[in-house]
Amino acid sequence: MQATARRMEKVVMRYKRDKAWQDITGAQLMGRIRHIALALHERGVRKGDRVSILAESCPEWSITDYAILASGGVTVPIYPTQAVDQVAYILKNCEARVLFISNQKLLRRVQSALDPLKGDAPQLILFDEKSEGLETLDAFASKGVDVAARSPELFDTLVAQATPDDLATIIYTSGTTGEPKGVMLSHRNLVFDAVSSGKHLGPDINDVFLSFLPLSHVFERTVLYLLMNCDVQICYARGIETVAEDLKEIHPTIVTAVPRLFEKIYATINKRAADQPPMKQRIFQRAIKVGREVAVLKDQRKSVPFTLAIQHKVLDGLVFSKWREAVGGKIRFFVSGGAALPKELGLIFSAAGIEILQGYGLTETSPVVACNKPGNNRFGTIGQPIEGVKVKIAEDGELLVQGDLVMQGYYKLPEATAEMIKEYPDGIWLHTGDIGEMDAEGFLKITDRKKDLIKTNLGKYIAPQQIENLIGGIPLVEQVIIIGNQRKYPSALIVPNYDALKTYASSIALDTKDKTTLAKHPRILEFFKKKVDEVTRELAPHEKVKKIALLTDEFTIDGGELTPSLKIRRKFVEDKYRDLIDSLYPKNEALEG
Numbered sequence: 000m001q002a003t004a005r006r007m008e009k010v011v012m013r014y015k016r017d018k019a020w021q022d023i024t025g026a027q028l029m030g031r032i033r034h035i036a037l038a039l040h041e042r043g044v045r046k047g048d049r050v051s052i053l054a055e056s057c058p059e060w061s062i063t064d065y066a067i068l069a070s071g072g073v074t075v076p077i078y079p080t081q082a083v084d085q086v087a088y089i090l091k092n093c094e095a096r097v098l099f100i101s102n103q104k105l106l107r108r109v110q111s112a113l114d115p116l117k118g119d120a121p122q123l124i125l126f127d128e129k130s131e132g133l134e135t136l137d138a139f140a141s142k143g144v145d146v147a148a149r150s151p152e153l154f155d156t157l158v159a160q161a162t163p164d165d166l167a168t169i170i171y172t173s174g175t176t177g178e179p180k181g182v183m184l185s186h187r188n189l190v191f192d193a194v195s196s197g198k199h200l201g202p203d204i205n206d207v208f209l210s211f212l213p214l215s216h217v218f219e220r221t222v223l224y225l226l227m228n229c230d231v232q233i234c235y236a237r238g239i240e241t242v243a244e245d246l247k248e249i250h251p252t253i254v255t256a257v258p259r260l261f262e263k264i265y266a267t268i269n270k271r272a273a274d275q276p277p278m279k280q281r282i283f284q285r286a287i288k289v290g291r292e293v294a295v296l297k298d299q300r301k302s303v304p305f306t307l308a309i310q311h312k313v314l315d316g317l318v319f320s321k322w323r324e325a326v327g328g329k330i331r332f333f334v335s336g337g338a339a340l341p342k343e344l345g346l347i348f349s350a351a352g353i354e355i356l357q358g359y360g361l362t363e364t365s366p367v368v369a370c371n372k373p374g375n376n377r378f379g380t381i382g383q384p385i386e387g388v389k390v391k392i393a394e395d396g397e398l399l400v401q402g403d404l405v406m407q408g409y410y411k412l413p414e415a416t417a418e419m420i421k422e423y424p425d426g427i428w429l430h431t432g433d434i435g436e437m438d439a440e441g442f443l444k445i446t447d448r449k450k451d452l453i454k455t456n457l458g459k460y461i462a463p464q465q466i467e468n469l470i471g472g473i474p475l476v477e478q479v480i481i482i483g484n485q486r487k488y489p490s491a492l493i494v495p496n497y498d499a500l501k502t503y504a505s506s507i508a509l510d511t512k513d514k515t516t517l518a519k520h521p522r523i524l525e526f527f528k529k530k531v532d533e534v535t536r537e538l539a540p541h542e543k544v545k546k547i548a549l550l551t552d553e554f555t556i557d558g559g560e561l562t563p564s565l566k567i568r569r570k571f572v573e574d575k576y577r578d579l580i581d582s583l584y585p586k587n588e589a590l591e592g
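Residues 0 to 592 in numbering that gives the first Met the number 0 are what the sequence shown spells out, letter by letter.
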């Protein structure tokens, strides 16, 4: 709020409604926060009470979050895509007093989660103006206007009551198994991480940020805290489907994204290139080759030979300048989180003058632990720890974290908290569950999740994420999961990018667009296996993928293969495709060793 107070007359937020971008000034934002906070107080919300937000990302989401915190309440975000039974669990577990929900359609989807709560059901407030008899956010905020008129000092009194160690939010991690766990983060946790991350990345008042990742996830939410603190203008995309258009209209300088977005962008670029005349295709391939060579040299901190630099400059004008225009033309850097960014993808975009800074964190760490920096970006790593964070590697390779970013614990789960946070002679450390490495300069690399390590029936350990990251960098690969626990060798289930695959099939005179036919065609399988072999050639023999299968259906949240934060539910996928997986391991092979 101090940052907003510095910019009362300036535009601090923008959003698009009715085909036009609307502005929110600092004064308008402060007024809205004040009135919603006072309305919450009027409705009986007191310090420590839980208030939930179930909505897509939008300015109302952020404003309501700020108002909840200002009132002394605790924000409990829920993904709009969350399974209904999990919505019911979260609302009951946190005992939410109030539920802000985006619209009537979403309310109908989760109504069955509210019905069993009966008298304990939270008060409902809709962001949408079309409420069909329910209270809207505008109507609710108007109650706060009345409170402000009666008690002009109340808002400042409520804000002043907050202390650094007060609970600010409970974020339920979806997990890949079991019930969600509520991560308790304090005001100290969130402020520390936002301020330290801001120093690390160096945004300023000249930057413009486009937000489209879910605010229900702590990553985007903390990013908005740090950017608001650094006087950066926030622009809200209308949704993932409009991002390409919004980039060109807003011309942002900073954007956060997940690796999947960059994979889709690159797949689209490759498909368009494949549709060009032969001469333009050759220029495109030459640009990729030369650009990659330049990016590798820069990543290794080596000088670029003069002739190579000239070639790159010419090809940049012919090819890569169009890539930059497609993402708005003014990008200083993207920040990638949520999953590992394939090194090859980072190099290719760097070749095009589009810097992607990979970071790392957990909900339990508020979330940012480490990130690459503008001008000091090392591909294939998650960068160096942010200021004030200590990281060490345990004897078994697990990454341990210490600092003011570490959560208070899991809500109502002391045993689970004790498993995650442990005291040692050198202090209290959080166990991340990730296997990692640190080089002499402090750059970190995550190789896998501890619980995801595969043990073959020959006793060899395999880190599946390392292999998945390599295969995920293949342009025609949409999604991949490595299989091999208690098997003789690892195999890969691959979801291809079928639009790009159909183009490739036509180029080799395969006259079919049927997914099932393509997925089983020997020439297509041979093509993918060859690509997999190429990108995994540096792996140890026991890590190399021996067999692959192509899937026709994408992994989705609705299908159960992905968590709301887009992590693959490995056990679910393995159970769903059990017969297909078994077919990759003939009995005589599975029993060997």
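Glycine included, C-beta positions come from ideal geometry on N, C-alpha and C. As the structure is a computational prediction, the values presented were derived from the model and not from experiment.
Given residue i as reference, the closest of the options once Cα atoms are compared
{"i": "residue 64", "options": "416, 371 and 28", "result": "28"}
{"i": "residue 181", "options": "412, 454, 558 and 448", "result": "412"}
{"i": "residue 476", "options": "52, 439, 496 and 463", "result": "496"}
{"i": "residue 504", "options": "586, 132, 370 and 270", "result": "270"}
{"i": "residue 126", "options": "145, 61 and 89", "result": "61"}
{"i": "residue 345", "options": "377, 327, 325 and 434", "result": "377"}
{"i": "residue 253", "options": "263, 237, 197 and 478", "result": "197"}
{"i": "residue 363", "options": "145, 492 and 192", "result": "192"}
{"i": "residue 380", "options": "390, 341, 478 and 244", "result": "341"}
{"i": "residue 16", "options": "59, 434, 331 and 47", "result": "59"}
{"i": "residue 88", "options": "116, 215 and 105", "result": "116"}
{"i": "residue 106", "options": "450, 421 and 123", "result": "123"}
{"i": "residue 502", "options": "512, 337 and 493", "result": "512"}
Neighbourhood of residue i by C-beta, 8 Å cutoff - its chain only, sequence neighbours within 5 removed
{"i": "residue 188", "result": "167, 365, 403, 404, 405, 406 and 407"}
{"i": "residue 173", "result": "78, 81, 85, 179, 562, 563, 564 and 566"}
{"i": "residue 231", "result": "202, 203, 204, 206, 207, 208 and 253"}
{"i": "residue 506", "result": "273"}
{"i": "residue 447", "result": "433, 434, 462, 463, 464 and 465"}
{"i": "residue 83", "result": "108, 109, 111 and 112"}
Unbroken beta strand (DSSP E) run spanning residue i, endpoints
{"i": "residue 275", "result": "Where residue 275 is concerned, there is no enclosing beta strand (DSSP E), given that its DSSP letter is neither H nor E."}
{"i": "residue 171", "result": "166-172"}
{"i": "residue 397", "result": "397-401"}
{"i": "residue 122", "result": "122-125"}
{"i": "residue 128", "result": "Looking at the DSSP string, residue 128 is not in any beta strand (DSSP E), and its letter there is neither H nor E."}
{"i": "residue 599", "result": "No answer is possible for residue 599: the residues shown for the chain start at 0 and end at 592."}
{"i": "residue 21", "result": "19-24"}
{"i": "residue 582", "result": "First-last for residue 582: 577-582, but that is the alpha helix (DSSP H), not the beta strand (DSSP E)."}
{"i": "residue 480", "result": "476-482"}
{"i": "residue 605", "result": "There is no way to answer for residue 605, as the model of the chain reaches only from 0 to 592."}
{"i": "residue 357", "result": "355-360"}
{"i": "residue 369", "result": "367-370"}
Sequence-distant residues of the same chain with beta carbon closer than 6 Å to residue i, five excluded per side
{"i": "residue 528", "result": "547"}
{"i": "residue 93", "result": "49, 75 and 169"}
{"i": "residue 373", "result": "332"}
Unbroken alpha helix (DSSP H) run spanning residue i, endpoints
{"i": "residue 532", "result": "521-534"}
{"i": "residue 503", "result": "497-506"}
{"i": "residue 141", "result": "136-149"}
{"i": "residue 467", "result": "463-471"}
Spatial neighbours of residue i in its chain, beta-carbon cut-off 7 Å, leaving aside the 5 residues before and after
{"i": "residue 426", "result": "401"}
{"i": "residue 185", "result": "163, 164, 165, 166, 167 and 407"}
{"i": "residue 121", "result": "51, 90, 95, 96, 97 and 98"}
{"i": "residue 68", "result": "74 and 167"}
{"i": "residue 9", "result": "24 and 25"}
{"i": "residue 590", "result": "Note that residue 590 scores a pLDDT of 36, beneath 50, so its modelled location is shaky and nothing firm can be said."}
{"i": "residue 144", "result": "34"}
{"i": "residue 592", "result": "Low confidence applies to residue 592: its pLDDT is 34, below 50, so where it sits in the model is not reliable, and the reading given next is rough at best. 456, 457 and 487, listed in sequence order."}
Item to check | Segments assigned alpha helix (DSSP H), at least 4 residues, entirely inside the region 294-347 | outcome: 305-314 and 320-325
Item to check | Uninterrupted alpha helix (DSSP H) stretches inside the region 410-455 (no shorter than 4 residues) | outcome: Inside the region 410-455, DSSP marks whole alpha helix (DSSP H) runs of 4 or more residues at positions 413-419, from first to last along the chain.
Checklist entry - Contact between the region 574-586 and the region 479-487: three or more CB pairs below 8 Å? => result yes
Checklist entry - Do the region 139-151 and the region 43-50 make contact, defined as three or more Cβ pairs closer than 8 Å? => result no
Item to check | Residue ranges of each alpha helix (DSSP H) within the region 227-256, 4 or longer | outcome: Qualifying alpha helix (DSSP H) stretches, in chain order: 242-249.
Checklist entry - Should the region 368-387 be called in touch with the region 439-457, which here means at least 3 C-beta pairs below 8 Å? => result yes
Next on the checklist: Would the region 155-169 count as touching the region 124-131 if we require 3 or more Cβ pairs under 8 Å?
Outcome noted: no
Item to check | Within the region 97-124, ranges of the alpha helix (DSSP H) (whole runs, at least 4 residues) | outcome: 103-113
Item to check | the region 209-218 in contact with the region 228-241 per 3-pair CB rule at 8 Å | outcome: yes
Checklist entry - Should the region 487-494 be regarded as contacting the region 536-545, the criterion being three or more beta carbon pairs within less than 8 Å? => result yes
Next on the checklist: Between the region 313-328 and the region 277-290, can you find at least three pairs of beta-carbon atoms closer than 8 Å?
Outcome noted: yes
Item to check | Segments of 3+ residues assigned as beta strand (DSSP E) that fall wholly inside the region 175-222 | outcome: 180-185 and 207-210
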